[in-house]
Structures are given as C-alpha cells and as structure tokens.
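Below you'll find the structure, written out as structure tokens, and then a few comments.
Numbering (the numbering used here), first residue to last: -4 to 357.
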C-alpha cells in the first residue's frame, strides 16, 4: 500500500500533468501538489517547487562541453540525457523519485534518499534527550550506504554486458534509447540498465548533501536545538560513501551527523527534513553549478549553505564516476574496461552503417 507521502508525490505529478493538458484539477490535489517536496534536490520540473536540481547537478559534474567529444570523463549529449534527464524526462539520476503509479519503487525508501538518520546530542538540544539513540541513527545511515553500494556494484555488473556474443561492442546494447517510466528489465539495453543503477547511486549521494548537516552551518544567532541543529561545516566529500571499499560500520558515523526525519507528520519531537535541514530548491546553472536562491529552503538561506550543498554534491558525483571507471577497469581489465567506459559515455560508440566506424570501435 502506498504511504501518505507517496500519494503526495504522485498527486504533485498528476496535478502538473493535468495543468499541462489544460484539465481542471481539484482544490485538494492542487494544495497537495504545492506542498514542500521532501526527496531533497528535486526531479523533473513539472513540480511547483522544483528546478530539476538532480539533473543540473549531474550535468554540471559530468556533461561534456558543447560539441566536445567525450574523453571518458564526461558524457556526450544523448548519454547525459538518459543519465541526468531533462524537462519531463526522468533519467537515471531521478529514478528514485519516480512515483509508484509511474513504475517507481524507491520514492518511499529512506535508504534510497539517506532519510531518517536524525540525532542531536543533549548538550546541543538545551539538555533534552533525543527520542532515538545515536546508534539507531547511525544504523539508518549505514542502511543508506549499503543500498547505494549495492546500486553502484549492480551498475558495474551491467556495464560489462555491452558486448555481443562475439565479444564485440553491440550496437543495440550501447544505444542511448532508454524507457523512462519504469526500471529497465533484464531484456533492456545494457547501457540503460547501467544508467538506471548508477543514476540511483548518484541520486542518494546527492541527496545526502541536501538532507544532512555535513557541509552546512546552523543559525549562529540562535541556540542549537531541534529546529537549529548544529552544522558540521565540512569541506570535503563524505568519506563513508566510498563504495569500492568495505562497508563502514555504524561506529564510523560522526556523532554530530544528522539527516532529516521524513515525512514531517511522523516526526514529532525529531529533527525534520522539510522544516529544518533541507537545502532542496534553488536555481542551479547546469554548466557552472552556481546557485541562485529561490527562498523555499529555510536551511539553504543561512549563509552559503545552499551553494555548499550543491558544490559538494557535484564534487561527489565526479568522485563516484571516477570510482566507477576504476571499478570497471579492475573488473574487466584495462583495455576492455576502457572500451566499456567509451561505450557508456559516447553517443555513437558503434557505427550505425557498415561504411562508418563508431567512436569506440577499433
């Protein structure tokens, strides 16, 4: 059964689709659609408060400059489109936000978004105890790390399936022609299966910087408490999101680290995502990653919190792709690995016509 917040997300999409089609939408649905989104950096900008943050972070991190061929570090236009999405097309990085009624299955899974790892020390909460322990919060964060690690390695598994039975790059398996409103099945192109799983990895990684206090600062004019938890103000990627290394134990989670509790109506007496920690919405330049505040994320309005969340999400997106390239080479060998990386990042890795040569063919 879909949860309340799943329905809220689904109704937001329905309301926006109906508006596009010129249909009348009931007052109740419209009100729900305008409620603050809680999956952090938002998805397709059908939504009333969305600017396609996941897409633009991914593009700022990994898109090739216009008309520049990929060197394996950046993704060419069509390949980037299926990974990052664009207006009305979800793409791999937005897949965890896809509502169940559109074929999604992770919108309500806190591990897919690093939700509910909330905690505050009594000394940071006016001496009051918190309703859950540090250990419980750390266990929830490690569940997120495990989930994203599984997605990362699943993507690496599928990356190696871009070859045909003769061991040559397959034209069909490497095309950037991916369905959008349902996860690719076993019969889907290998590139599409890779994009889906690697995009889901990036989604959770990016959400961490919007959801958590890792890179932000609290309001220094007020005492710290549930509504103003301490910010850790770290200027580095989160080291526990190194998915080629063994999974970190809960004891490695920093004591002051928190992500927000979601949904708010189930978070009485806890640090809330929507009202407290989120740095969700802003206009992001998809080339430079520079942020223009839109005024809807309270924590994002404090100092440079919004920009820091985006900057470090971009940095970690690049780290994850570098780690994926290393993983592919380690699994499949240097030469074959480079061919796979080429096929994933190029729009025409295999020739479409017998008298031409693809970008990744010998």
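Using N, Cα and C, we set each Cβ at its ideal position, and we do this for glycine too.
Beta-carbon proximity list for residue i, same chain, < 8 Å, skipping 5 on both sides
i: residue 346; result: 166, 352, 353, 356
i: residue 71; result: 59, 64, 65, 340, 341, 342
i: residue 67; result: 320, 333, 336, 337, 340
DSSP three-state assignment for residue i, whether helix, strand or coil
i: residue 233; result: coil
i: residue 351; result: coil
i: residue 79; result: helix
i: residue 48; result: helix
i: residue 360; result: For the chain, the structure presents residues -4 to 357; residue 360 sits outside this window and is missing.
i: residue 18; result: Caution applies to residue 18, whose pLDDT of 36 falls short of 50 and renders its modelled position unreliable; the value that the coordinates give is listed next. Coil, per DSSP.
i: residue 339; result: helix
i: residue 109; result: coil
i: residue 143; result: helix
i: residue 84; result: strand
i: residue 297; result: coil
i: residue 252; result: coil
i: residue 238; result: coil
Residue from the options whose Cα sits closest to the Cα of residue i
i: residue 126; options: 264, 282, 301, 285; result: 264
i: residue 247; options: 136, 84, 158, 191; result: 136
i: residue 285; options: 268, 308, 291, 271; result: 308
i: residue 300; options: 212, 343, 186; result: 212
i: residue 131; options: 123, 162, 115; result: 115
i: residue 225; options: 149, 109, 105, 113; result: 113
i: residue 192; options: 91, 305, 290; result: 91
i: residue 343; options: 95, 139, 58, 164; result: 164
i: residue 138; options: 161, 104, 171; result: 104
Neighbourhood of residue i by C-beta distance below 6 Å, restricted to the same chain and skipping five residues each side
i: residue 147; result: 196, 238
i: residue 311; result: 200, 232
i: residue 295; result: 274, 301
i: residue 220; result: 120, 121
i: residue 133; result: 245, 248
7 Å CB neighbourhood of residue i in its chain, flanking five on each side removed
i: residue 335; result: 154, 155, 157, 323, 327
i: residue 306; result: 284
i: residue 303; result: 210, 211
i: residue 218; result: 121
Exercise for review: Pair every Cβ in the stretch 226 to 236 with every Cβ in the stretch 275 to 285, then say whether three or more of these pairs are closer than 8 Å.
Suggested key: The stretch 226 to 236 vs the stretch 275 to 285: no contact.
**Study point:** Touch test, the stretch 249 to 265 against the stretch 198 to 215, Cβ-Cβ under 8 Å, three pairs minimum
**Key:** Yes, they touch.
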